[in-house]
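Working notes for the structure below.
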Amino acid sequence: MEQSVNEPVRTVADIIAASYEGLTRSEKRLADTIRENYPVSGLGSITTLAENADVSTPTVARMVQKLGFKGYGEFQGRLHQELEATLSNPIAKHDRLARNVPETHILNRFGEAAIDNMRRTLSQLDQATFSGAAELLSDLDRAVYFVGGRITGALASYFFTHMQVIRPKTTLMSSNSSSWPQHMLNMAKGDVLVIFDIRRYEQDMAVLARVAKENGLEIILFTDQWASPVAKFARHTFRVHIEVPSAWDSSIVTLFVVEALIEAVQSKSWDKTRERISVLEGLFEQSRLFRKPG
85 MEQSVNEPVR TVADIIAASY EGLTRSEKRL ADTIRENYPV SGLGSITTLA ENADVSTPTV
145 ARMVQKLGFK GYGEFQGRLH QELEATLSNP IAKHDRLARN VPETHILNRF GEAAIDNMRR
205 TLSQLDQATF SGAAELLSDL DRAVYFVGGR ITGALASYFF THMQVIRPKT TLMSSNSSSW
265 PQHMLNMAKG DVLVIFDIRR YEQDMAVLAR VAKENGLEII LFTDQWASPV AKFARHTFRV
325 HIEVPSAWDS SIVTLFVVEA LIEAVQSKSW DKTRERISVL EGLFEQSRLF RKPG
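Have a look at this one:
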């Protein structure tokens with residue numbers, strides 16, 4: 085099952101989701117089993133997967149062909165590729181790029197990759213997802229919490245800093261998971277939890293998302309094209325393309341989506357936002373630290 089380099093990346097999970105309604109009852113049970121612990125659930129033998137889903141081995145073989153794979157080997161090979169991509173560390177990424185990237189200036193290579201990431205992300209971004217997330221973030225009856233990982237915590241902080249001015253009841257959670265239970269004490273059903281989780285996903289994020297979901301919170305997830313395990317708990321998921329010719333993943337397109345959401349939310353309640361900004365400017369004027377020189 086080949087995929088063009090210019091075609092938006094489709095994971096096995098995407099293919100299953102797109103084909104789900106056309107599956108038989110047994111095949112749907114198999115699909116649910118695969119998605120339950122994705123992609124690890126599909127990395128064992130065909131017999132093991134069949135037993136875990138309580139279906140026959142021929143059912144597994146039929147479903148993977150129905151999904152467009154030549155056989156279980158090709159299906160499993162795709163899962164291995166996805167897992168390898170999500171586990172790539174900075175050294176492995178750099179070594180791979182050093183072999184495969186043409187010797188042109190880094191500014192050009194990086195710029196082209198960033199533009200391609202933007203194009204791919206926008207081609208896949210569902211407007212209903214964007215509008216739904218903006219609605220949740222604009223609802224002043226809901227408290228909003230932001231959390232990210234070791235690197236993405238900076239994105240969570242950036243988003244929080246703007247939303248704190250636009251609306252009340254916003255909280256930035258530390259990237260240190262030991263502090264999360266205290267925040268959970270204050271979370272109420274209907275509140276919003278914004279999570280940033282990029283590949284080499286953090287297991288604690290999935291636990292946080294599961295507990296939050298069980299307690300009635302609405303989750304907005306920012307992740308990569310392969311999708312964090314948090315996605316199965318999220319109400320809205322933004323899958324952003326992140327690969328550039330660097331040892332590190334790019335946050336350019338993620339930041340673009342965040343800033344577009346900031347604008348969407350402030351536009352929905354501009355009168356109140358303008359009033360809050362005016363009050364904030366007044367507080368700055370009263371503070372010695374921010375007072376303009378006379």
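Mapping to my numbering: the sequence shown position 222 is 306, numbers consecutive. The beta carbon of each residue, even a glycine, is placed where N, CA and C say it ideally should be.
Reduced DSSP category for residue i - H, G, I as helix; E, B as strand; rest coil
{"i": "residue 86", "result": "Because residue 86 carries a pLDDT of 48, less than 50, the predicted location of this residue cannot be relied on, and no value is offered for it."}
{"i": "residue 256", "result": "strand"}
{"i": "residue 96", "result": "helix"}
{"i": "residue 235", "result": "coil"}
{"i": "residue 267", "result": "helix"}
{"i": "residue 368", "result": "helix"}
{"i": "residue 302", "result": "strand"}
{"i": "residue 319", "result": "coil"}
{"i": "residue 297", "result": "helix"}
{"i": "residue 156", "result": "helix"}
{"i": "residue 328", "result": "coil"}
{"i": "residue 210", "result": "coil"}
{"i": "residue 285", "result": "coil"}
{"i": "residue 308", "result": "strand"}
{"i": "residue 122", "result": "coil"}
Rounded separation between residue i and residue j - CA only
{"i": "residue 312", "j": "residue 359", "result": "38 Å"}
{"i": "residue 357", "j": "residue 366", "result": "14 Å"}
{"i": "residue 203", "j": "residue 272", "result": "37 Å"}
{"i": "residue 190", "j": "residue 329", "result": "8 Å"}
{"i": "residue 235", "j": "residue 141", "result": "42 Å"}
{"i": "residue 351", "j": "residue 127", "result": "46 Å"}
{"i": "residue 246", "j": "residue 116", "result": "38 Å"}
{"i": "residue 135", "j": "residue 306", "result": "34 Å"}
{"i": "residue 109", "j": "residue 147", "result": "11 Å"}
{"i": "residue 156", "j": "residue 125", "result": "13 Å"}
{"i": "residue 251", "j": "residue 353", "result": "9 Å"}
{"i": "residue 228", "j": "residue 106", "result": "37 Å"}
{"i": "residue 101", "j": "residue 192", "result": "36 Å"}
{"i": "residue 162", "j": "residue 210", "result": "25 Å"}
{"i": "residue 395", "j": "residue 282", "result": "Residue numbering for the chain in the displayed model covers 85 to 378; residue 395 lies beyond these limits and cannot be assessed."}
{"i": "residue 260", "j": "residue 154", "result": "44 Å"}
{"i": "residue 280", "j": "residue 216", "result": "17 Å"}
{"i": "residue 308", "j": "residue 104", "result": "22 Å"}
{"i": "residue 90", "j": "residue 195", "result": "Its pLDDT being 44, under 50, residue 90 is placed unreliably in this model, and the value from its coordinates should be taken loosely. So the two alpha carbons sit approximately 16 Å from each other."}
{"i": "residue 222", "j": "residue 300", "result": "18 Å"}
{"i": "residue 369", "j": "residue 212", "result": "41 Å"}
Beta-carbon proximity of residue i to residue j, cut-off 9 Å
{"i": "residue 239", "j": "residue 342", "result": "yes"}
{"i": "residue 335", "j": "residue 326", "result": "yes"}
{"i": "residue 226", "j": "residue 295", "result": "no"}
{"i": "residue 278", "j": "residue 304", "result": "yes"}
{"i": "residue 348", "j": "residue 218", "result": "yes"}
{"i": "residue 233", "j": "residue 268", "result": "no"}
{"i": "residue 224", "j": "residue 253", "result": "yes"}
{"i": "residue 144", "j": "residue 122", "result": "no"}
{"i": "residue 258", "j": "residue 237", "result": "yes"}
{"i": "residue 99", "j": "residue 151", "result": "yes"}
Proximity test, residue i beta-carbon vs the ligand ZN heavy atom, cut-off 8 Å
{"i": "residue 221", "result": "Within the structure as shown, the ligand ZN is missing, as the structure has no ligands at all."}
8 Å Cβ shell around residue i - same chain, five flanking residues per side excluded
{"i": "residue 113", "result": "137, 138 and 139"}
{"i": "residue 197", "result": "327, 328, 329 and 334"}
{"i": "residue 166", "result": "95, 96, 123 and 310"}
Run of the beta strand (DSSP E) containing residue i, from where it starts to where it stops
{"i": "residue 107", "result": "Taken as a continuous stretch (DSSP letters only), residue 107 belongs to no beta strand (DSSP E), as it is neither H nor E."}
{"i": "residue 277", "result": "276-280"}
Cβ-based neighbour list, residue i, same chain, cut-off 7 Å, excluding 5 preceding and 5 following
{"i": "residue 241", "result": "256"}
{"i": "residue 249", "result": "360, 361 and 364"}
{"i": "residue 244", "result": "230, 254 and 256"}
Same chain only: Cβ atoms within 6 Å of residue i, ignoring 5 sequence neighbours per side
{"i": "residue 302", "result": "220, 276 and 319"}
{"i": "residue 286", "result": "233"}
{"i": "residue 111", "result": "147"}
Boundaries of the alpha helix (DSSP H) in which residue i is found, first to last residue
{"i": "residue 136", "result": "130-137"}
{"i": "residue 273", "result": "Residue 273 -> no alpha helix (DSSP H), and no H or E assigned at all."}
{"i": "residue 339", "result": "336-352"}
Test: residue i CB closer than 9 Å to a CB of chain C
{"i": "residue 137", "result": "Reference to chain C is not applicable here, since this structure consists of a single protein chain."}
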